[in-house]
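**Student:** Protein chains in written order, with my numbering: chain C, 9 to 156; chain G, 9 to 156.
We put the beta carbon where it would ideally sit given N, CA and C, even for glycine.
Following this message is one structure expressed as structure tokens.
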DNA sequence: CTTATTACTTTGATAATCAAAGTATATACA
DNA sequence: TGTATATACTTTGATTATCAAAGTAATAAG
């Protein structure tokens, strides 16, 4: 690896680890200390102001529906999510965020907004484009290569 | 959020999830299907051609040494790591990669080389600088803010 | 030479996860 | 209409990752 590649590799690895850790520290504190990161991701995936089914949500999260059942059990118990069976099709379980869940959702959003704002700070508009292009490069390449 | 912020936010979230998943798919296959991602990260942290102590390694991985003990138990059992007590100080346990462990290490390195190569493809040299700068922005800001 | 410190391992607990089996409902078709 | 199949979800049993705290053994400090 040449030195540019090496320094980018280092910063990428570091950022990955750091962001995961910071996100956890930022989110799972004070009013949300009873939430795990997994639970935050479920909340993020259910989304604001929507009603989702279990299977939809599990698919988006790329986990089995059995795993999601347990996550939703906990989130309902903790008061972040409400769950009820559809009247049209009683097999279907509809989940949505409670007010408490909406608050957690917005906290997560704020974290991301701050992350992005900071990433773009000090960059000229055309430099922003470069960054976004570089990130799309990676994603599309790997997606094509590994077909996940 | 304006549209640039929004698209960067989306691609960041997507990349995060995708890369974690691809890395697992890429690494934990064929000759290394008996390794979990956690075990790959332990191997990466021990590093090539070195002898590390348990506590050093646990600190780098930001896990407790109890957790590392279990990880090393498994890696020794699977033949990727060798473990022996230091002769100078019999409290200290020295760990290092076996030949099999070195192979796994290099596989991990190859993944990262490919990731970085792809990130930088299509970018002019000055654009590479922009990217690296943007990434350092994020890391240093959050590090300062959250003091982790 | 006793006490404190260090380095590691063990124990007991919890969370996240899956695959497979189980339950209830809806759909297809004979 | 009645049975077979498919769908949506939950439960069960297992594994892995993780921590805090207790335990063990060796070294260092007084």
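1) Is there a Cβ from chain C that is less than 7 Å from the Cβ of residue 113 of chain G?
2) Would you kindly work out how many angstroms separate the C-alpha atoms of residue 93 of chain C and residue 41 of chain C, rounded to a whole number?
3) Hey, quick one: how far does the beta strand (DSSP E) through residue 23 of chain G stretch, first residue to last?
4) Anything in chain G within Cβ reach of residue 11 of chain C, meaning under 9 Å, just list it in chain order.
5) Please list, in chain order, the chain C residues whose beta carbon lies closer than 7 Å to that of residue 15 of chain G.
6) Would you call the stretch 89-107 of chain G and the stretch 61-74 of chain G touching, i.e. three or more CB-CB distances under 8 Å?
7) Mind listing the chain C neighbours of residue 129 of chain G? Cutoff is C-beta to C-beta under 7 Å, in chain order.
8) Shorter than 7 Å from the beta carbon of residue 101 of chain G to some beta carbon of chain C?
9) Check whether the Cβ atoms of residue 47 of chain G and residue 69 of chain G sit closer than 7 Å, and answer yes or no.
10) Is the distance from the Cβ of residue 87 of chain C to the Cβ of residue 50 of chain C below 7 Å?
11) Per DSSP, residue 61 of chain G forms a beta bridge with which residues?
12) Between G:142, G:115, G:73, which has its C-alpha nearest residue 20 of chain G's C-alpha?
13) Just verifying my parser: in three-state terms, what is the DSSP assignment at residue 90 of chain C?
14) If you draw a straight line from the C-alpha of residue 24 of chain C to the C-alpha of residue 33 of chain C, how long is it?
15) Who are the near neighbours of residue 133 of chain C in its chain, counting only those whose CB is closer than 7 Å to its CB and skipping five residues on each side?
16) Output, in sequence order along the chain, the residues in the stretch 29-61 of chain C whose CB is closer than 8 Å to any CB in chain G.
17) Please report the distance separating the alpha-carbon of residue 108 of chain C from that of residue 149 of chain G.
18) Let me make sure I understand the geometry here. Which of C:96, C:73, C:139, C:53 has the alpha-carbon closest to that of residue 112 of chain C?
19) Taking a Cβ distance cut-off of 8 Å, strictly less, list which residues of the stretch 61-72 of chain G are near chain C, in chain order.
20) Using a Cβ cut-off of 7 Å, pull out every chain C residue sitting near residue 23 of chain G, in sequence order please.
21) For residue 139 of chain G versus residue 140 of chain C, is the C-beta spacing smaller than 7 Å?
22) Rounded to whole angstroms, what's the CA-CA distance from residue 38 of chain G to residue 131 of chain C? Just pull it up for me.
**Tutor:** Quick look at the numbers:
1) The residue labelled residue 113 of chain G in the question sits at position 105 within the second chain. Output row for residue 113 of chain G: interface = no.
2) Position 85 of the first chain, counted from the start, is the residue given in the question as residue 93 of chain C. Position 33 of the first chain, counted from the start, is the residue given in the question as residue 41 of chain C. Residue 93 of chain C and residue 41 of chain C: Cα-Cα distance of roughly 29 Å.
3) Locating residue 23 of chain G in the second chain gives position 15, counting from the first residue. Premise fails: residue 23 of chain G lies in the alpha helix (DSSP H), 11-35, not in any beta strand (DSSP E).
4) Counting from 1 along the first chain, the entry for residue 11 of chain C is found at position 3. Neighbours of residue 11 of chain C on chain G: none; closest Cβ ~11 Å, over 9 Å.
5) Taking the second chain and counting its residues from 1, the one referred to as residue 15 of chain G is at position 7. Simply 140.
6) yes
7) Sequence index remark: in the second chain, residue 129 of chain G carries index 121 (1-based). Result: 145.
8) The residue you call residue 101 of chain G lines up with position 93 of the second chain. Output row for residue 101 of chain G: interface = no.
9) The sequence position of residue 47 of chain G within the second chain is 39, counting from 1. The sequence position of residue 69 of chain G within the second chain is 61, counting from 1. The answer is no: Cβ separation not under 7 Å.
10) For the purposes of this step, residue 87 of chain C is identified with residue 79 of the first chain, where counting begins at 1. For the purposes of this step, residue 50 of chain C is identified with residue 42 of the first chain, where counting begins at 1. No; because the gap between Cβ atoms is not below 7 Å, this pair is not in contact.
11) Along the second chain, read from residue 1 onward, the residue named residue 61 of chain G stands at position 53. Residue 61 of chain G pairs with G:102.
12) As a working mapping, residue 20 of chain G is identified with position 12 in the second chain. The candidate whose alpha carbon is nearest that of residue 20 of chain G is G:142.
13) For the purposes of this step, residue 90 of chain C is taken as residue 82 along the first chain, with counting starting at 1. Here residue 90 of chain C sits in strand by DSSP.
14) Counting from one through the first chain, the residue named residue 24 of chain C turns up at place 16. Counting from one through the first chain, the residue named residue 33 of chain C turns up at place 25. Computed Cα separation, rounded: 14 Å.
15) Here residue 133 of chain C refers to the residue found at position 125 of the first chain. For residue 133 of chain C, where only same-chain residues beyond five positions count, there are no Cβ hits under 7 Å.
16) 29, 30, 33, 34
17) As a first step, residue 108 of chain C is located in the first chain; it is residue number 100 there, counting from the start. As a first step, residue 149 of chain G is located in the second chain; it is residue number 141 there, counting from the start. Straight-line Cα distance between these residues: approximately 29 Å.
18) Translated into positions along the first chain, residue 112 of chain C becomes position 104. Of the listed residues, the one whose Cα sits closest to residue 112 of chain C is C:53.
19) 70
20) Within the second chain, the letter at position 15 stands for residue 23 of chain G. Simply 143, 146, 147.
21) Along the second chain, one-based indexing puts residue 139 of chain G at 131. Along the first chain, one-based indexing puts residue 140 of chain C at 132. For residue 139 of chain G and residue 140 of chain C, no; Cβs fall outside 7 Å.
22) As a first step, residue 38 of chain G is located in the second chain; it is residue number 30 there, counting from the start. As a first step, residue 131 of chain C is located in the first chain; it is residue number 123 there, counting from the start. So the two alpha carbons sit approximately 43 Å from each other.
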